[in-house]
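A.B. asks:
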Amino acid sequence: MCPRESCSHSLDPLLTLRTSQKTKPGQKTVVNMAPKTVIAPSILAADFAELGPACAKTMKQGADWLHVDIMDGHFVPNITFGPAVVAKIRKHVDQPAESFARGTFDCHMMIAEPKKWVKDMKSAGCDLYCFHYEAAFSSAAESPEEKTEEKTNPKALLRYIHDQGMLAGIAIKPDTPVDVLWDILESSDEKERPDMVLVMTVHPGFGGQKFMASELPKVQALRAKYPELNIEVDGGLGVGTIDQAADAGANVIVAGSAVFGAKDPSEVISVLRKAVDDRAGKL
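Going by UniProt numbering, the sequence shown opens with residue 1, and the numbers climb by one from there.
#1: Bridge partners for residue 168 per DSSP, in chain order?
#2: What's the C-alpha gap between residue 191 and residue 47?
#3: I need the DSSP call for residue 40, collapsed to helix, strand or coil.
#4: So, at 8 Å on beta carbons, what are the nonlocal neighbours of residue 56 in its own chain, with the 5 sequence-adjacent residues on each side left out?
#5: Would you call the segment 215 to 229 and the segment 152 to 160 touching, i.e. three or more CB-CB distances under 8 Å?
#6: Considering Cα atoms alone, identify which of 188, 224 and 45 is closest to residue 261.
#7: Measure the Cβ-Cβ separation of residue 170 and residue 178 and say whether it is below 8 Å.
#8: I'd like the list of long-range same chain contacts for residue 71, defined as Cβ closer than 6 Å, with 5 residues on each side in sequence excluded.
#9: Check the DSSP bridge columns for residue 65 and list the partner residues they point to.
#10: When you compare each of 58, 181, 242 and 54 to residue 136 by their alpha carbons, which one comes out closest?
#11: What is the rounded straight-line gap between the Cα of residue 105 and the Cα of residue 231?
#12: I need the straight-line Cα distance from residue 224 to residue 132, nearest angstrom please.
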């Protein structure tokens, strides 16, 4: 992974030039930097008994990233796995040498104290560490055994993640208004800004839930203000709901059951990608 200083938007492999066709004669061509489509299947829907091979197979079927859901039973009412399992599946998928590249482990940290696990997840092979705005706790405690009620400024946590050499994302639950992110996204310090925002379109904790279209105005608001931002949507996404997410402006698509439960996962991945690509071409 490259350090934060070398991951500027101008060099970001996830960004692609899209030229506006709405210029009049004599006007300068308007060029927007729009983020590239990313399909990130959620391994929460994979066969846990064959998790490593399942991850490798999904990459061969056309996935860009793998979405790794880390749950602690406190922040959400479910438990999945931790750094030890991430390290094992990392052996089945080559870690990318560049930020945002194919094979990225997009780790969605649905945990009560996200700062405690930054270093361990880095060591395990995490590439993008996405914590919840609602769970920005534990600035002081470096050990999982220590307890603290200290509230961490999300900007400080973003900086800390970047300082460990990872990309940093911030997620919001359905009950959280999107405007809590404006101050963070407008930070003058690049290290205190997220590389990606994740908008949950289900209540976090379990896979296979129904898509909440009511959350898409958050995506629309983010895309309107930040054309270059990587915006991820997670929850209930599949062939029947992808058009809504794409139209809202999402470019990073998490799909679990829709991919791992499909007869032909590669076809599903292609359909998801085309929907987002088609929308992006209209920018």
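C-beta atoms are modelled at their ideal positions from N, C-alpha and C, and glycine is treated no differently.
C.D. replies: Here's the rundown:
#1: DSSP, once it has assigned bridges, lists 129 as partnering residue 168.
#2: 36 Å
#3: strand
#4: 92 and 93
#5: no
#6: Comparing Cα-Cα distances from residue 261 to each of 188, 224 and 45, the minimum goes to 45.
#7: Pairing residue 170 with residue 178 gives a Cβ-Cβ distance that is not under 8 Å.
#8: The residues are 78, 79, 80 and 110.
#9: Note: residue 65 sits in a beta bridge opposite 104.
#10: Nearest C-alpha to residue 136: 181.
#11: 16 Å
#12: 22 Å
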